[in-house]
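Heads up: the protein sequence lines correspond to chains A and B, in order.
For the first sequence, position 178 matches number 178 in the UniProt record's numbering, and the numbering has no gaps at all.
For the second sequence, position 108 matches number 108 in the UniProt record's numbering, and the numbering has no gaps at all.
Where is the CB? At the ideal position from N, CA and C, for every residue including glycine.
There are 2 protein chains.
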Amino acid sequence: MDTTQRTDQQRSADRRRRELLEAADRVVLRDGPQASMNAIAAEAGITKPILYRHFGDKGGLYAALAKRHTDALLDSLRAALDAPADRRERVEATLDTYLTAIEARPQVYRFLMHPAEGGQPGDQGFDVGKHSAPLLRRMGEELAQVIEERLDLGPGGQRLARVWGHGIVGMMHAAGDWWLGERPCSRAELVRSLADLLWGRLAAAGDRVGGPGF
Amino acid sequence: MDTTQRTDQQRSADRRRRELLEAADRVVLRDGPQASMNAIAAEAGITKPILYRHFGDKGGLYAALAKRHTDALLDSLRAALDAPADRRERVEATLDTYLTAIEARPQVYRFLMHPAEGGQPGDQGFDVGKHSAPLLRRMGEELAQVIEERLDLGPGGQRLARVWGHGIVGMMHAAGDWWLGERPCSRAELVRSLADLLWGRLAAAGDRVGGPGF
DNA sequence: AGACTGGTGTTACCGCAAGTAACATGCGCG
DNA sequence: CGCGCATGTTACTTGCGGTAACACCAGTCT
């Protein structure tokens, strides 16, 4: 009966939601992760309660916002990971894609990685550990799946793939974070160094003169 | 002249400071990173302004608190890294030390890794990127130094060592964070899997049947 | 002794941000 | 027309970081 009506309303609601998210995006891009709800509402040309009606609370808005960027980044990474090239080249392309992304929009990156969620609603502490860095977790799981699908790791390969997925993502993240702050070398060199690490150069390196090696 | 006096005062101030830090420690251990200054002051049996006199602001308190734990953890890691054993054993021991530490006190770990600092003093945004996760940075630099000291990496070895230091620390961190949340395997297995990754098993693994490998 | 200094402690307040009523308004529909 | 119903508002509460302003209690200097 009211199917069309409901659809219309829902459509308009979705449109509003998207507009609000874009406004929030602009504010986050400008102010970083500590953007206030008031600022976002003002940027959207409305007032706070509307935001709360759409997203529940600040965490909801942040989650919706993060999902957009996370999905976009994951798409890029998937593309690099699936390109027709040999393993090493694909690993390097994926690393480069990630680093290029965080380099292009550090504010967004900061928002995704360090949401700085306080959580002072009365007595309820935040769900520690679950909500911390969803992007890292998703990337880790995704990479784990690719590894497990494509590589023959023998018995226990599934668990191994998950460990590696999260480990590699963490390596990429930490190195990228540090690199973004200090810029100690070019992006290409960073990519090559990390790939070398993954390719076992740590184990292959010789000891230095004068003592047992690391 | 007033050397002894100043010393006395300083000593008592230091004692107070330590007491306050211990109280803060207890609160953080109980409430996680979002512990409030009021709660910490109450736990210490005093009121807020004293905390501010001692530590300046919340960031100061957090920094002092983080330094304690960071130093302690780094000492453990250094010990594991310097043990008399071959390279692989030492890497595994270091990984295991880290994982044991975060397993023993996850609240402290959360506090160190995700301080959740907002920074709303007026117009000034937070120093993004510099203050984010000092522990990770310090661990990365430290490991880089060890690598550079002990391994012969040829030309450009210093930059390579720094990249690897931060990358390995990030790998350890992300894998540990994920493992702490999901407990997908034993600690020993995680350690072995990560060491395998560093030892180049990713590059050495064979492709799976039916397509080009990862 | 009495004024001075300096650290310890307090209460009471400001500013700000999250989140929430409670009230207003425009629109389709019987 | 009145009835829902979503959209929007103002005005408020709560809680936190941070800061005066004032009170107390030691030693010190003259």
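- Going by beta carbons, Val169 of chain B and Leu143 of chain B fall inside the 7 Å limit.
- Under the 7 Å criterion on CB atoms, Val163 of chain A is classed as interfacial with respect to chain B.
- Among the residues facing chain B, Leu77 of chain A is not included, as its CB has no counterpart in that chain under 7 Å away.
- Taking Tyr109 of chain A as the centre and dropping the five residues before and after it, the same chain places the C-beta of Ile102 closer than 7 Å to its C-beta, in chain order.
- For the UniProt domain "HTH tetR-type" (14-73) of chain A, the residues whose beta carbon sits under 9 Å from a beta carbon of chain B are, in order, Asp31, Gly32, Pro33, Gln34 and Ser36.
- Ser12 of chain A is classed as exposed because its beta carbon has fewer than 16 other beta carbons within 10 Å across all chains shown.
- Neighbours of Leu136 of chain B in chain A, taken as residues at a C-beta separation under 9 Å, are given in chain order as Ala174, Asp177 and Trp178.
- Interface annotation, Val191 of chain B: not in contact with chain A, CB-CB separation never under 7 Å.
- At a Cβ-Cβ threshold of 7 Å, His54 of chain B and Arg17 of chain B count as neighbours.
- Burial check for Pro33 of chain B: the Cβ neighbour count within 10 Å reaches 16 or more, so the residue is buried.
- In the same chain as Arg26 of chain A, and ignoring 5 residues on each side of it, the C-beta atoms closer than 8 Å to its own belong to Glu43, in chain order.
- Under DSSP, Gly181 of chain A shares a beta bridge with no residue.
- Taking 7 Å as the cut-off, the Cβ atoms of His69 of chain B and Leu112 of chain B count as close.
- Taking C-beta separations shorter than 8 Å and ignoring five residues to either side along the sequence, the partners of Ala85 of chain B in its chain run Ala93, following chain order.
- Gln158 of chain A is positioned such that its CB atom lies closer than 7 Å to that of Glu148 of chain A.
- About 6 Å separates the CB atoms of Ala174 of chain B and Leu136 of chain A; that is less than 8 Å, so the two are in contact.
- For Leu198 of chain A and Ala204 of chain A, the gap between their C-alpha atoms comes out near 11 Å.
- Where Ile50 of chain A is concerned, the enclosing alpha helix (DSSP H) starts and stops at Lys48 to Phe55.
- Rounded to whole angstroms, the gap between the alpha carbons of Leu21 of chain B and Gln145 of chain B is 30 Å.
- Among the CB atoms of chain B, none fall inside 7 Å of the CB of Leu143 of chain A.
- Close partners of Val108 of chain A in chain B (Cβ separation under 9 Å) are lacking, with about 12 Å as the shortest Cβ gap.
- Less than 7 Å separates the beta-carbon of Met171 of chain A from that of Met171 of chain B.
- Per DSSP, the continuous alpha helix (DSSP H) segment holding His69 of chain A begins and ends at Lys58 to Asp82.
- Sequence-distant Cβ neighbours of Gly140 of chain A in its own chain, meaning closer than 6 Å and more than five residues away, are Gly165, His166 and Val169.
- Of the residues assessed, Ser193 of chain B falls on the buried side of the cut-off, its CB having 16 or more other CB atoms within 10 angstroms.
- Taking 7 Å as the cut-off, the beta carbon of Leu29 of chain B is found closer than this to the beta carbon of Gln107 of chain B.
- Exposed is the label assigned to Asp71 of chain B, since fewer than 16 other Cβ atoms lie within 10 Å of its Cβ.
- Around the beta carbon of Ile50 of chain A, a 10 Å sphere encloses fewer than 16 other beta carbons of the protein chains shown; the residue is thus reported as exposed.
- By a beta-carbon distance limit of 8 Å, Ala24 of chain B contacts Ile40 of chain B. Their separation comes to about 5 Å.
- Restricting attention to B:Gly154, B:Gly176 and B:Leu202, the CA atom closest to the CA of Arg208 of chain A is found in B:Gly154.
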